[in-house]
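Listed in order, the protein sequences are those of chains A and B. My numbering puts the first residue of the first sequence at 768, with every later residue one more than the last. My numbering puts the first residue of the second sequence at 99, with every later residue one more than the last. Heads up, the beta-carbon is just placed ideally off N, CA and C, and yes, glycines get one too. As the structure is a computational prediction, the values presented were derived from the model and not from experiment.
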Amino acid sequence: MIAAFQNLFAPPRHMILLVAAAWLGLTLAEKRTEQHGVSKDDLNNLTFFALLAFIIGGRIAYILQNLPAFTKSPLGIISINPDLFDPPGALVAGIIAALIYGQQKKILFWNALDSLATFFAVLAIGLGLSHLAAGTFFGQPTDLPWAIKLWNAQRHPTQIYETIASLLTLSLLWGSKPNPRPGVFFLYFASLASFSHLIIHAFRADGPILFNGFHLGQIIAWITLATSFVLLESRLSDQRLTSIVE
Amino acid sequence: MDRIQRITFYILILIAGAAWVFLSASSTAQTETAQAPQTGFTAPDFSLKTATGETYALSELKGQAVLVNVWATWCPPCRAEMPAIEKMYQEYKSQGLVVLSVNSTVQDNPLEIAPFIKEYNLTFPILLDETGDVTRAYQIRSLPSSYFIDRHGVISEVIIGGPMSEALLRTRIEEALK
Chain A
768 MIAAFQNLFA
778 PPRHMILLVA
788 AAWLGLTLAE
798 KRTEQHGVSK
808 DDLNNLTFFA
818 LLAFIIGGRI
828 AYILQNLPAF
838 TKSPLGIISI
848 NPDLFDPPGA
858 LVAGIIAALI
868 YGQQKKILFW
878 NALDSLATFF
888 AVLAIGLGLS
898 HLAAGTFFGQ
908 PTDLPWAIKL
918 WNAQRHPTQI
928 YETIASLLTL
938 SLLWGSKPNP
948 RPGVFFLYFA
958 SLASFSHLII
968 HAFRADGPIL
978 FNGFHLGQII
988 AWITLATSFV
998 LLESRLSDQR
1008 LTSIVE
Chain B
99 MDRIQRITFY
109 ILILIAGAAW
119 VFLSASSTAQ
129 TETAQAPQTG
139 FTAPDFSLKT
149 ATGETYALSE
159 LKGQAVLVNV
169 WATWCPPCRA
179 EMPAIEKMYQ
189 EYKSQGLVVL
199 SVNSTVQDNP
209 LEIAPFIKEY
219 NLTFPILLDE
229 TGDVTRAYQI
239 RSLPSSYFID
249 RHGVISEVII
259 GGPMSEALLR
269 TRIEEALK
């Protein structure tokens, strides 16, 4: 079954899963956005401009990092190759575009994040499935009964762990009662997502390794989890927010 | 939960998380030494012949950067990227780049190969995968598929699909040549 899935969505078709997840995520987020104080139009426009900046920013960041190659082959700037892309640069561009749009339209920061939490949760499921289709984010060799054969070894199905964890995160978010304090809904998502990554990254074989064998993904997940807890507590115990809620 | 209970919960989770990071550190320090068609692995070895009978073995090219490009004549993106590959081969071969262009003959018409080479004036070796062994070893699911292999025989990048632009080839070749 996994082999059939991998054949069906073999790269570059695995990108379809991400696009489908983004569409589904936005559709679900729309259903609850007004509970978080953000209109459907604002949510759609915010996502549109952020995604546009993500795509263009990813290409620009890649060009800037490989300027000599593009000076010799300038047509590459408008090439359709998705591999000419820098994900961290894309992320920064997307965040900046969302912040600028949010500021211009006077969308409150925490309300926007609450509104987008469902979108991010569904996108994470799509990311897990696209990792499975492409064979990336693969696990360490193991002889556990649920191991999958990948890259000539029986391995931890880390992509399936990732997908299941993301599905659980979405279920918990979708089933939870909306919290009237802005930011709490998003921070629940951030805590759950970073906690699951903290666990799953331990089984990965392809992530960057730091000194003494520490996994960079786990360190980042732990820092994100700690930051989410600090922000969550500050939102939950903020007296001004408490009085607004009451 | 009141504030004290929440903070206790956060601290317990963070301590357990830190312990998990430490416990899993040693098991993640292992490196992949097996052969597999994926970034970070040693490229699966193969030996193939050209139409004129010359044999090329990947294992004999250690110390040089190698681009293994798997293609077929009926595949439009494969056709579209050939001029760029030829141009990059001419530009980088003096720096140690070898292009092994593998025709997936098992899923192609062998009679179409010679006219294809002539049409694009290809000067790098065109290897014929008549049995499909390389197509299977590299787990080819889409054409074209390209593997950039560094001087140590490790795959530095995999590009599935195409056509690859000159800029993309240039950045990946320079990375493999390092």
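- Message: With a threshold of 6 Å on Cβ separation, who are the neighbours of Ser243 of chain B within its own chain once the five nearest residues in sequence on each side are excluded?
- Response: Result list for Ser243 of chain B: Val168 and Ile258, in chain order.
- Message: Check whether the region 159-176 of chain B and the region 188-208 of chain B touch, using three or more Cβ-Cβ pairs below 8 Å as the test.
- Response: Between the region 159-176 of chain B and the region 188-208 of chain B, the count of C-beta pairs closer than 8 Å reaches three or more; the two stretches touch.
- Compare the C-alpha of Gly856 of chain A against each of A:Ala864, A:Pro841, A:Pro835 and A:Phe821 and name the closest. Of all alpha-carbon atoms in A:Ala864, A:Pro841, A:Pro835 and A:Phe821, the one lying nearest the alpha-carbon of Gly856 of chain A is that of A:Phe821.
- Start and end residues, alpha helix (DSSP H) containing Trp790 of chain A: Under the DSSP assignment, Trp790 of chain A falls in the alpha helix (DSSP H) whose first and last residues are Met782 to Arg799.
- Please determine if the region 262-269 of chain B and the region 838-852 of chain A are in contact, where contact requires at least 3 C-beta pairs separated by less than 8 Å. Yes: the two stretches touch, three or more of their Cβ pairs being nearer than 8 Å.
- Query: At a Cβ cut of 7 Å, what residues of the region 230-260 of chain B count as close to chain A, listed as they run along the chain?
  - Reply: Residues passing the 7 Å Cβ filter: Arg239, Ser240, Ile257, Ile258 and Gly259.
- Item | Spatial neighbours of Ala795 of chain A in its chain, beta-carbon cut-off 7 Å, leaving aside the 5 residues before and after | Residue identity check: residue 795 of chain A is Leu in the sequence provided, not Ala. Within the same chain, Leu795 of chain A has close Cβ partners Thr885 and Val889.
- If you measure from the beta carbon of Ser202 of chain B to each beta carbon in chain A, is any gap under 9 Å? So, not an interface residue.
- Message: If we define contact as Cβ-Cβ less than 9 Å, is Trp172 of chain B a contact residue for chain A?
- Response: At a cut-off of 9 Å between beta-carbon atoms, Trp172 of chain B makes no contact with chain A.
- Message: Mapping the DSSP letters down to three states, classify His923 of chain A as helix, strand or coil.
- Response: DSSP places His923 of chain A in coil when its eight states are reduced to three.
- Query: DSSP state of Tyr829 of chain A, grouped into three classes?
  - Reply: Three-state DSSP puts Tyr829 of chain A in a helix.
- Per-residue DSSP class, three states only, for Asn219 of chain B: Correct three-state label for Asn219 of chain B: coil.
- Message: For a cutoff of 9 Å on Cβ pairs, would you count Tyr187 of chain B as touching chain A?
- Response: Not an interface residue.
- If you draw a straight line from the alpha carbon of Phe807 of chain A to that of Ser995 of chain A, how long is it in whole angstroms? Checking the sequence shown, residue 807 of chain A turns out to be Lys, not Phe. It is roughly 26 Å from the alpha-carbon of Lys807 of chain A to the alpha-carbon of Ser995 of chain A.
- Message: In whole angstroms, give me the CA-to-CA distance for Ala988 of chain A and Lys916 of chain A.
- Response: Distance between Ala988 of chain A and Lys916 of chain A, taken at the CA atoms: about 27 Å.
- Query: What residues in its chain sit with their C-beta under 6 Å from that of Thr126 of chain B, if we drop five residues either side in the sequence?
  - Reply: The predicted model places Thr126 of chain B with a pLDDT of 46, which falls under 50 and marks its position as unreliable, so this point remains unresolved.
- Message: At the 9 Å Cβ level, is Ile111 of chain B part of the contact set with chain A, yes or no?
- Response: Contact with chain A is found for Ile111 of chain B, since one of that chain's Cβ atoms lies less than 9 Å from the residue's Cβ.
- Start and end of the beta strand (DSSP E) containing Thr153 of chain B? Element bounds for Thr153 of chain B: Thr153 to Ala155.
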